[in-house]
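The sequence shown begins at 33 in our numbering and counts up by one.
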Amino acid sequence: MSATLLDGKKLAAEMRAEIARQVADLKADRGVTPGLGVILIGTDPASTSYVTAKERACEEAGMFSLDVRVPAETTQEEALALVCRMNDDPRVHGILVQLPLPRHIDEAAVINAIAPEKDVDGFTPVNVGRMMIGETCFLPCTPHGIIQMLLKTGVQTAGQHAVVIGRSNIVGKPVAHLLMRKAEGGNATVTVCHTGTRDLATHTRQADILVVAAGRPGTVTGSMIKPGAVVIDVGVNRIPDASKKNGFRLVGDVDAASVSEVASLLTPVPGGVGPMTITMLLANTLEAARRL
Ligand code: GUN
Numbered sequence: 033m034s035a036t037l038l039d040g041k042k043l044a045a046e047m048r049a050e051i052a053r054q055v056a057d058l059k060a061d062r063g064v065t066p067g068l069g070v071i072l073i074g075t076d077p078a079s080t081s082y083v084t085a086k087e088r089a090c091e092e093a094g095m096f097s098l099d100v101r102v103p104a105e106t107t108q109e110e111a112l113a114l115v116c117r118m119n120d121d122p123r124v125h126g127i128l129v130q131l132p133l134p135r136h137i138d139e140a141a142v143i144n145a146i147a148p149e150k151d152v153d154g155f156t157p158v159n160v161g162r163m164m165i166g167e168t169c170f171l172p173c174t175p176h177g178i179i180q181m182l183l184k185t186g187v188q189t190a191g192q193h194a195v196v197i198g199r200s201n202i203v204g205k206p207v208a209h210l211l212m213r214k215a216e217g218g219n220a221t222v223t224v225c226h227t228g229t230r231d232l233a234t235h236t237r238q239a240d241i242l243v244v245a246a247g248r249p250g251t252v253t254g255s256m257i258k259p260g261a262v263v264i265d266v267g268v269n270r271i272p273d274a275s276k277k278n279g280f281r282l283v284g285d286v287d288a289a290s291v292s293e294v295a296s297l298l299t300p301v302p303g304g305v306g307p308m309t310i311t312m313l314l315a316n317t318l319e320a321a322r323r324l
């Protein structure tokens, strides 16, 4: 079998065009321009490149983007003050603090400071709690983007066995929850694997849908896949590559060459989950502005 590549870039472009139309309507009807405030602390190259992509997408959708970039030496108090300023800024409907933060800053305290009604990443305890009990909330962008991808490509999740590799707060835990919840794009039977899992392949071979968010290239190879499985690769890893102008290339967490021989659908890296994450961020920011 040769897997079909699930084109997240194309799907994201279609969804972003619709979001841009709705942004224009909101401006025309109510004079409101949705605004996203982004806080980047430090100069980590991957984070800088994500944040730049988010800001560009915002502007392309006709949204206001407030970009605050501060040095890695920023103190905890200064970080909290930046969040509070955005909480109080009427131009900003959604706030995103790019993670990870430098080690001397308490990530939980900074996330907790974001006003839940502006928490378009869905990371605050209030939003996470609402998601868990099925109340209206902002869903975290990568997990929500994955569910939208499955829905829009007609992948059936109900009754399927979904296996998630990874238990982070950003991807693993929430995507497992969305896949199992009683809702469209859910109703799957979910297994969560992590660094404490024994014999990973025993689990992955049972997956009709496999979501890999391990943060390590080559975590899954073709021999670990059930024939015909749908494989969602969430990894974004930089591999040194002297033939590239910037000196690296991006690869996911799965060995795409061998996995695509066995899977039916596979998300490429880059161009798979990544563009969908940003699209869901735009959708949440639009929703935050509408709720005003
Ligand atoms: N770092 C990696 N992914 C994300 C994300 O979705 N949101 C934020 N704020 N930081 C991240």
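In this text, a Cβ means the ideal position worked out from N, Cα and C, and glycines have one as well. Keep in mind that this is a model prediction, so the values were computed, not measured.
Given residue i as reference, the closest of the options once Cα atoms are compared
i      : options                        : result
Arg248 : Ala113, Arg270, Ala239, Thr75  : Arg270
Gly304 : Val266, Leu128, Glu92, Glu216  : Val266
Thr106 : Ile202, Ala89, Asp138, Ser79   : Asp138
Gly198 : Asn144, Lys258, Ile264         : Ile264
Gly204 : Asn144, Val243, Gln238         : Val243
Gly191 : Val224, Ala239, His235         : Ala239
Met95  : Ala104, Gln54, Glu109          : Gln54
Asp76  : Val102, Arg62, Glu91, Ala89    : Val102
Ser255 : Arg237, Ile165, Thr36          : Arg237
Pro93  : Ala45, Asp99, Glu109           : Residue 93 is actually Ala in this sequence, not Pro. Ranking the options by Cα distance to Ala93, first place goes to Ala45.
Val268 : Gly217, Gly306, Leu114, Ala49  : Gly306
Lys214 : Val252, Met163, Ala233, Phe170 : Met163
Gly161 : Ile51, Asp120, Pro206, Ile146  : Pro206
Val252 : Ser34, Pro122, Val291, Ala315  : Val291
Asp99  : Gln108, Leu112, Thr84, Ala113  : Thr84
Same chain, Cβ closer than 6 Å to residue i, five either side skipped, listed in chain order
i      : result
Ala194 : Leu211, Ala220, Val222, Ile241
Thr309 : Cys173, Thr174, Gly177
Val64  : Leu58, Ala321
Met118 : Gly69, Val124, Ile127
Thr245 : The residue asked about is misnamed: residue 245 is Ala in this sequence, not Thr. Closer than 6 Å at the Cβ level, and outside the excluded window around Ala245, lie Gly198, Val203, Gly204, Val266.
Ser325 : Any question about residue 325 goes unanswered here, given that the chain covers just 33 to 324.
Glu293 : Gly254
His235 : Val195, Thr223, Cys225
Residue i - DSSP class collapsed to helix/strand/coil
i      : result
Asn144 : helix
Val291 : helix
Arg135 : coil
Thr234 : helix
Leu211 : helix
Asn219 : coil
His193 : strand
Asp265 : strand
Leu36  : Looking at the sequence shown, residue 36 is not Leu but Thr. The answer is strand: DSSP assigns Thr36 an E or B state.
Val158 : helix
Pro307 : helix
Gly284 : coil
Val64  : coil
Ile241 : strand
Gly126 : strand
Cys225 : strand
Gly260 : coil
Leu58  : helix
Pro175 : helix
Leu324 : coil
Pro272 : strand
Classification of residue i by the beta-carbon crowding that lies within 10 angstroms, buried from 16 upward
i      : result
Pro66  : buried
Lys86  : buried
Cys116 : exposed
Asn186 : The sequence given here places Gly at residue 186; Asn does not occur at that position. Label assigned to Gly186: exposed.
His136 : exposed
Ala274 : exposed
Thr168 : exposed
Thr189 : buried
Thr36  : exposed
Met317 : Here residue 317 is Thr; the residue named in the question, Met, does not match the sequence. Thr317 is buried by the Cβ-count criterion.
Ala104 : exposed
Ile257 : buried
Ala261 : buried
Ala295 : buried
Neighbourhood of residue i by C-beta, 7 Å cutoff - its chain only, sequence neighbours within 5 removed
i      : result
Thr80  : Leu72
Val224 : Val196, Arg199, Gly204, Ala208
Asp153 : Leu128, Pro172, Cys173
Asn159 : Pro148, Asp151, Cys169, Phe170
Own chain residues within Cβ distance below 8 Å of residue i, not counting five before or after
i      : result
Tyr82  : Gln130
Ala288 : Asp265, Leu298, Pro300, Val301
Gly217 : Ile179, Gln180, Leu182, Leu183, Thr189, Leu210, Leu211
Arg48  : Ala89, Glu92, Ala93, Thr311, Leu314
Glu110 : Val102
Any chain B beta carbon closer than 9 Å to residue i
i      : result
Asn316 : Among the protein chains of the structure shown there is no chain B, as only one such chain exists.
* Taking contact to mean at least 3 C-beta pairs separated by less than 8 Å, is the segment 130-142 in contact with the segment 313-324? -> no
* Asked: Are at least three pairs of beta-carbons, each pair with one atom in the segment 223-230 and one in the segment 282-291, less than 8 Å apart?
  -> They do not touch, by the three-pair rule.
* To do: Tell me, please, whether the segment 179-192 touches the segment 142-149 by the rule of three or more beta-carbon pairs shorter than 8 Å.
  => Counting Cβ pairs under 8 Å, fewer than three are found: no touch.
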